[in-house]
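For reference, the structure discussed in these notes is given below.
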Amino acid sequence: MNKRIKTMLVLIGTLLFIPLIAMQFTSEINWDFFDFLIMGTALLVIGFAYELIARRSDKIVYRSAFIIGLMGAFLLFWVNGAVGIIGSENQKANLLYGLVLVIGVAGAIIVKFKAAGMSKVLTLTTIVQMLIPCIALIVWPPPATSWAPGVFGVFLLSAFFAALFFVSAMLFKQAAR
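Using this note's numbering, you'd call the opening residue of the sequence shown number 6 and step up by one each time.
Spelled out as structure tokens, the structure:
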């Protein structure tokens, strides 16, 4: 286990060097200490979550489902925090995407990370992921609010994350058999 943790820490450090190096060559990337701290913490949480939970099962399907679900959650957190999905990262509508993460984490704890329960949690996560742009469109309609990639783009991006959660749900369903 120590070797895996050391490998994970080296990988996280390496990943964090990418924006640090990029900042030397472009003004497009402008991270401060807080950005590095948030991203490092998020990567650590994802890494330790995998180590603690996915290793409990020898089933490749369960581990794959867990990895895909974690990847979807991480990418949603990253994209939404970095640039926002609806408009900019400062758009209040983007806070709704936090519900997806809360449902995923709380649901996983409630079902004790068991495959059958995880399948239901990730299915619910998929549904909520796609409901958020619908709700946001009603509460914060364009043009009063910037929908930076456009309404279609927001739905397309939400569908990408929903697809990751759905694939995870189907793999958990298969692992439960």
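Glycine residues also receive a C-beta, built at the ideal position from the N, C-alpha and C atoms. As the structure is a prediction and not an experimental result, all values here were calculated from the model.
Asked	Found
Could you check if L176 is buried or exposed, using at least 16 other CB atoms within 10 Å of its CB as the buried criterion?	buried
Go ahead and pull the three-state DSSP assignment for K8.	helix
For L20 versus L48, is the C-beta distance shorter than 8 Å?	yes
Hey, A199 and V66 are a contact pair by Cβ (cut 8 Å); roughly how many whole angstroms apart?	Residue 199 lies beyond the residue range present for the chain, which begins at 6 and ends at 182; the question has no answer from this structure.
Is there a Cβ from chain D that is less than 8 Å from the Cβ of G52?	Considering every chain present, this structure includes no chain D. It has just one protein chain.
On the DSSP letters alone, give me the boundaries of the alpha helix (DSSP H) that T128 sits inside.	120-144
Does T12 pass the burial test, meaning 16 or more other C-beta atoms within 10 Å, or should it be called exposed?	exposed
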